[in-house]
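Number of protein chains: 2
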Amino acid sequence: MAESPKLTRNQRLVLEKLEAASGPLSAYALLDELREHGFRAPLQVYRALRVLTNAGKAHRLESLNAFVACCGSHGEDTDMVAFAICDDCGHVSEFADDVVSDRLQNWAGSRGFEASTTAIEIRGKCRDCARVVN
Amino acid sequence: MAESPKLTRNQRLVLEKLEAASGPLSAYALLDELREHGFRAPLQVYRALRVLTNAGKAHRLESLNAFVACCGSHGEDTDMVAFAICDDCGHVSEFADDVVSDRLQNWAGSRGFEASTTAIEIRGKCRDCARVVN
DNA sequence: ATTTGTAATGTTATATTATAACACCTACTC
DNA sequence: GAGTAGGTGTTATAATATAACATTACAAAT
Numbered sequence: 000m001a002e003s004p005k006l007t008r009n010q011r012l013v014l015e016k017l018e019a020a021s022g023p024l025s026a027y028a029l030l031d032e033l034r035e036h037g038f039r040a041p042l043q044v045y046r047a048l049r050v051l052t053n054a055g056k057a058h059r060l061e062s063l064n065a066f067v068a069c070c071g072s073h074g075e076d077t078d079m080v081a082f083a084i085c086d087d088c089g090h091v092s093e094f095a096d097d098v099v100s101d102r103l104q105n106w107a108g109s110r111g112f113e114a115s116t117t118a119i120e121i122r123g124k125c126r127d128c129a130r131v132v133n
Numbered sequence: 000m001a002e003s004p005k006l007t008r009n010q011r012l013v014l015e016k017l018e019a020a021s022g023p024l025s026a027y028a029l030l031d032e033l034r035e036h037g038f039r040a041p042l043q044v045y046r047a048l049r050v051l052t053n054a055g056k057a058h059r060l061e062s063l064n065a066f067v068a069c070c071g072s073h074g075e076d077t078d079m080v081a082f083a084i085c086d087d088c089g090h091v092s093e094f095a096d097d098v099v100s101d102r103l104q105n106w107a108g109s110r111g112f113e114a115s116t117t118a119i120e121i122r123g124k125c126r127d128c129a130r131v132v133n
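Those protein sequence lines, which keep their order, are chains A and B. Numbers 0 to 133, taken from numbering that gives the first Met the number 0, label the letters of the first sequence in order. Numbers 0 to 133, taken from numbering that gives the first Met the number 0, label the letters of the second sequence in order.
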């Protein structure tokens, strides 16, 4: 079990919004949602997000410039997580894969590269949206 | 051999700058470099970049909001490419790995997810920078 | 050779995402 | 209590990206 140094008010509010959301939220979308709780500036959101992402409680989707709560359905120590992002409906699936993880670690290691974080993001259409003709 | 429908002037200029660069360039850095060639607005760069990235001649680094020329040292048809990005010196290594690629395709396929593009970006320190004490 | 379709261009304006800098506060340690 | 490490609130600004519109270039088809 990892320590969970309790969150400050701002961090907790941001995390709650992310958890309640059905998809990724941008920092500014979060800001708008949190105005009623006294948030007034982007930095309040960005600072909370920095803490949350460092703690692994939230993830940043680099290709979207948006954030999601961690789904938690993978090992606690897994810190290489992949995402499948539907370009139509915005739905995001989070998953971890040791083979992929090992393979990338390996490639990096063999070159003396010290990895700190890794982003893996698959863009496309989820099953439901792929069915639709458009 | 894939067709290579020749590039327009703007596209060629942008690609040349990317190829000449020692590291990733932002769209605005490209714009500044290309002002002497008549570029005046961000869109001129972004449009050229869209064509180049779609053609696989350049890549967008999502976690950096920047662009690099394709190194070309992987198979022509490989469209799942990974990057190791040094946070200290900015150096970027590009590589392709079929195991990783297959594994991700597989995960997606098993869920009916139709992948269109995938970003894999490892952030950290390259061998040279990892040696330094700081 | 003209028509037609597709994509690229140039331009202005604006939207979106992210950080710098500073003053103050809070909680904890020594 | 002094020191310190991180969090907060605020204003201002930087950096990244796209919308909308009029025009132009070019290749394929007739």
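Every residue gets a Cβ at the ideal spot worked out from N, C-alpha and C, and that includes glycine.
Item	Value
Counting Cβ pairs closer than 8 Å, one from the segment 110-119 of chain A and one from the segment 17-26 of chain B, do we hit at least three?	no
Please classify residue 34 (chain A) as buried or exposed, where buried requires at least 16 neighbouring CB atoms within 10 angstroms.	exposed
In chain order, what residues of the same chain have a beta carbon less than 6 Å from the beta carbon of residue 73 (chain A), not counting five sequence neighbours either side?	95
Under 8 Å by Cβ, that's how I've got residue 68 (chain B) and residue 29 (chain B) pegged, so tell me the actual separation to the nearest angstrom.	Actually they are not in contact, since the Cβ atoms of residue 68 (chain B) and residue 29 (chain B) sit about 11 Å apart, beyond 8 Å.
Exposed or buried, which one is residue 38 (chain B) when buried takes at least 16 other CB atoms within 10 Å?	buried
Measuring only the C-alpha atoms, how far is residue 127 (chain B) from residue 56 (chain B)?	28 Å
Grab the span of the alpha helix (DSSP H) containing residue 108 (chain B) for me, first residue to last.	97-109
Quick one: residues in its chain with C-beta nearer than 7 Å to the C-beta of residue 6 (chain A), no 5 flanking neighbours on either side, listed in chain order?	14
Would residue 107 (chain B) and residue 123 (chain A) be called neighbours here (beta carbons separated by less than 9 Å)?	yes
If we define contact as Cβ-Cβ less than 9 Å, is residue 92 (chain A) a contact residue for chain B?	yes
Tell me, please, whether the CB atom of residue 39 (chain A) is closer than 9 Å to any CB atom in chain B?	no
Evaluate the contact criterion for the segment 77-90 of chain A versus the segment 59-68 of chain A: three or more CB pairs, one atom per stretch, below 8 Å.	yes
In chain order, what residues of the segment 104-117 of chain B put their CB closer than 8 Å to some CB of chain A?	106, 107, 110, 111, 112, 113, 114, 115, 116 and 117
Rounded to a whole number of angstroms, what is the C-alpha to C-alpha distance between residue 31 (chain A) and residue 27 (chain B)?	29 Å
Using 9 Å as the limit for Cβ to Cβ distance, is residue 57 (chain A) near chain B?	no
If you run the structure through DSSP and keep just helix, strand and coil, what is residue 15 (chain A)?	helix
Where does residue 118 (chain A) fall in DSSP's three states?	strand
With distance defined between alpha-carbon atoms, name the residue in A:78, A:102, A:87 and A:97 nearest to residue 114 (chain B).	A:87
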